[in-house]
Each structure stands twice: as structure tokens, then as C-alpha cells.
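Okay, structure first, notes after.
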Amino acid sequence: MVPELAYPLHNSSAQEEIPANILGVSPLSLSSSKMLSLISLSRPAPLTWIAGFFIFVYTLTMGYRMGVDVGGTKTEICILAFEGRDYTQYQVLHRERFPTDRTGNLNSFLRTLKAHVQAALKHSNLDLSALESVGVGLPGSINPVTQVMSQGSVAFFKDKNLHQEFKSALGFKGEMLFDNDANCFALAETYLGAGRNWTQANQVPMNRLCLIGVILGTGVGGGLVIEGRLIRGSRGGAGEIGHITLVESGHPCYCGKFGCAEQYLSGTAFQRFYSARTSALEHLSGAEIFKRADENDPLAVASIEHYRDYLVTFLSNLSNLLDPHVIVLGGGMSTQPRIYPGISERLSKGCFLTENPPAVLPNTCGDSAGVLGAALLPLFTGTEFDWETTQ
Ligand SMILES: [Zn+2]
25 MVPELAYPLH NSSAQEEIPA NILGVSPLSL SSSKMLSLIS LSRPAPLTWI AGFFIFVYTL
85 TMGYRMGVDV GGTKTEICIL AFEGRDYTQY QVLHRERFPT DRTGNLNSFL RTLKAHVQAA
145 LKHSNLDLSA LESVGVGLPG SINPVTQVMS QGSVAFFKDK NLHQEFKSAL GFKGEMLFDN
205 DANCFALAET YLGAGRNWTQ ANQVPMNRLC LIGVILGTGV GGGLVIEGRL IRGSRGGAGE
265 IGHITLVESG HPCYCGKFGC AEQYLSGTAF QRFYSARTSA LEHLSGAEIF KRADENDPLA
325 VASIEHYRDY LVTFLSNLSN LLDPHVIVLG GGMSTQPRIY PGISERLSKG CFLTENPPAV
385 LPNTCGDSAG VLGAALLPLF TGTEFDWETT Q
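For the sequence shown, the numbering used here begins at 25 and goes up steadily by one.
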């Protein structure tokens, strides 16, 4: 079943309300003592006790989990409330964002994070001890065993004992897990987004689903889910697809190699390709170039087709390696409808297996995929995950 969301997750505004229930307020947004006092205003005492008992039992069945998505420019946190152990039944109690100060240090980041975590808990009428887990997505490669970030775009996270630093700064004693932000994207799209929708439409069980999340943003990143499980590799480097060689001896990449996929498939690369061919070296945004294509600007149309050629080659290579059911695209380029027509059919020509090529789909969790996936990390990769029974 597709989870019913409290409000559209594509909407990134931070302070949104949970829809009212029969009491006129959501039980998820009130502590049980407040709900009891609300009921006691309008009910005789015995009914108040009975209602209080049921609310107490209801509260016991709720689980609260926090997600933290640290990006290079902004950090987002959310608190999710789950009904019992069913991850498909949840509501977003609160979300908020704040800028990531990459010029600061780990201590200053954690001080800011703590203030926002406390504000989020207060807004949700929860104590820190009510959180069962905190999952954190970081822009880098996180060793799945040591939980240390070995490579990443925010330097102050590198080579630190993240467990110890985060837990002691937040005063949190529950389960905490760290993972790559693109892995979080793939996890959210698998269990809450495009992947889950696809399994329902095609009657494939979740523990069979093979999905590749491909982020085409300012950089290119990826997350791999094979038979329902997130694949991290031996050092946490699985899914670093942006640095697969796409063009032999091609453009130089900041990683030190030449011809990396990121140099051809990022939004930045797309803009650079167009701008280098304009007479005045115009610097347009990706969206502006797509708009020009809609107005039949020949260079814009040619730039998009050139981009799609590289994308088909790239996705074909990924498909030959992992044979996914679904490839879910994220990042700025994925929001452009002109990317998709015919791409799945073209993929089949580049795959060894030509029948039933992977479906290439836009994401459905929007820019909340990272923080939702982070909140899911302990559910699907932590001590509680039982993939054999995951349906
Ligand atoms: Zn590279």
C-alpha cells in the first residue's frame, strides 16, 4: 500500500500542519496528557478514564524517528511518527531546514544542529528520549562498519568518530546510523516512492525489487538497492557512479580522473555544454535552456539530445551491471519532462538483455527523499531490519 502522507512531501516549506482528526487536532501533534485534558472538558469522568486508557495504549504503539539530511549548502531534519512497526503508516510531525556552514567546524555544526533538534522536538511535543532512532545522511562515503566518513564534500566530517560526536552533542542514547545521502535517496524511493509504486503496479514483492537511484544535480551520485537491500560495498563506496568513466580521456574531473560521468551528466555539465556553444557565451540555468528548447531554440534542443545520448549510454552500463527493475532519477535534471520520452526503449538497445528494459522514472519523494531515507536508515539497514519478511 502506498503510504498516505500527512501532506505532499514535495512541498519543502518547513512549518506545515498535520491535518485535523475527529478531535479537531491530530493526536500526533499532542502529548497524551494534553489530549486527556481536552477530552475531560467535554466528557464525564468515566469516559475520560476510558478515553485516557485508549490514548495511552495508542501512544505506546507509536514510534518516533528522526532523519537528518546534511547537504553541502543546507541541512534538513524531520521527525516521523510510525504506527506500530508498520513503516508504511507514518506522518511527518515536523520538518525544518538550516544552512550548512561548510567554513565552520564539527563543533559549531553540532551546536546548530542541537538547537534545531530541540526546536523540532518542542514543536512535536516530544522529549529526546521518545525518539527510537536518528538516521543521518551525509555528503560522502561512510564506512558501513566503522561509520567513519572517508571522502566527502564537507571536510569537517572526515575521519571523525561520528557516532560519538553526534550522540554526545545531542545527548541521544538511542540507535543512530550514518550513510551516504544518495543511499538515503535510493532507500526513500524504494520503500516510500517510485520503487514502491512500481512494485504495486507490477506485483513484485519489495524483497525482490532492484532499484538504482541516480541523482543528476550539481554533481552525479547514486544509490543501489538490490532485492530490497541497500548495497554499501566494502568501504561505503558503492554507488559512486558519478566517477565511472563515460568518455575515454574526456573532460578532467575534480577527483583526478578524466571523462567521469559527472562531467557530462550533471546539471552543471549540461549548462556548460550549452553555454560554450553560444556566441556570447551565455550562462543560462538548466531550466532556462529547457524553456528555450520548448521555444524551438535549435541549440537548446541539440544540447538536450546530446545529454540524453550520454544518459542512455550511462544507464545502459549501469543496467548491464545490476539489471534493475527500476531506475529512479533525482536532482535538478530529473525534473525536466523532456529527459524521459523513449529512454527506456533506447536502453534496451544498450543492454545485453533486450526484453523488458528497466523503467526509468522520476522520483516521487521530491527534495524530501534525502531526509526521509535518513529517517528510514535504522528501519531498513539497522538492527531491526528483517528483509526476508519485507513485503
Ligand atoms: Zn571524477
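Every residue gets a Cβ at the ideal spot worked out from N, C-alpha and C, and that includes glycine. Quick caveat, the model's predicted, so the values are computed rather than measured.
Among the residues of its own chain, which have a CB less than 8 Å from the CB of residue i, if the five just before and after it don't count?
i	result
A383	W222, H349, V350, I351, S368
L3	This structure cannot settle anything about residue 3, because the visible part of the chain is limited to 25 through 415.
K191	K197, M200
P361	none
A304	none
Does at least one heavy atom of ligand 1 sit under 8 Å from the Cβ of residue i?
i	result
H187	no
C208	no
Q175	no
G266	yes
E286	yes
G449	Outside the displayed range of the chain (25 to 415) lies residue 449, so it cannot be described from this structure.
C277	yes
Residues in its own chain within less than 6 Å of residue i by CB, not counting five upstream and five downstream?
i	result
C208	G161, G394, G397, A398
F282	S273, G274, P276
Q39	Residue confidence is low: Q39 scores 35 on pLDDT, short of 50, so the model does not pin down where it sits. Its coordinate-derived value is still stated next. Cβ neighbours of Q39 beyond the five flanking positions: none.
H118	I103, A144, H147, S148
Y331	F294
C234	I250, P348, H349
L308	none
F122	T99, H140
T378	S372
P14	Past the boundaries of the shown model lies residue 14; the chain is included only from 25 to 415, so the question cannot be answered.
Based on Cα-Cα distance, which residue from the options lies nearest to residue i?
i	options	result
E100	Y114, G108, V158	V158
L240	T405, L134, L289	L289
G164	N129, M200, R259, N149	R259
D347	A311, L248, R332	L248
L385	L400, G91, L371, Y364	Y364
N185	K197, Y215, V94, T170	T170
Y111	R119, M86, Q224, T337	M86
H120	N131, S132, G91	Before going on, a small fix: residue 120 reads as Glu here, not His. Among N131, S132, G91, the Cα nearest to that of E120 belongs to G91.
V116	L400, F404, T405	L400
Q287	G243, G217, R220	G243
T405	G252, G108, G310	G252
G245	A210, G219, N231, L216	A210
I236	E213, D318, A225	E213
R109	E156, A206, I328, L270	E156
L353	S132, T292, L254, V238	V238
A324	Q113, G219, T302	T302
F338	G356, G310, K373	K373
L342	Q113, I268, P168, F202	I268
P381	L270, P322, G355, N344	N344
Any idea what DSSP makes of residue i, helix, strand or coil?
i	result
E369	helix
T269	strand
D391	helix
H118	strand
T99	strand
E379	coil
E319	coil
E312	helix
A210	helix
V238	strand
P386	strand
Y364	coil
D110	strand
G354	strand
V172	coil
N204	strand
R220	helix
G374	helix
V325	helix
Y331	helix
A293	helix
E251	coil
P348	coil
A105	strand
E156	strand
P402	helix
By Cβ distance below 7 Å, which residues in the same chain neighbour residue i in space, the five residues on each side in sequence not counted?
i	result
G96	T124, R126, P163, S177, V178
A154	Y88
S358	L240, P386, N387
P306	Going by the sequence as given, residue 306 is Glu instead of Pro. These residues qualify, in order along the chain: S299.
R370	V336
F376	N344
> Do the stretch 386-404 and the stretch 267-285 touch if we need at least three Cβ pairs shorter than 8 Å?
Replying inline: no
> Would you call the stretch 168-187 and the stretch 255-267 touching, i.e. three or more CB-CB distances under 8 Å?
Replying inline: yes
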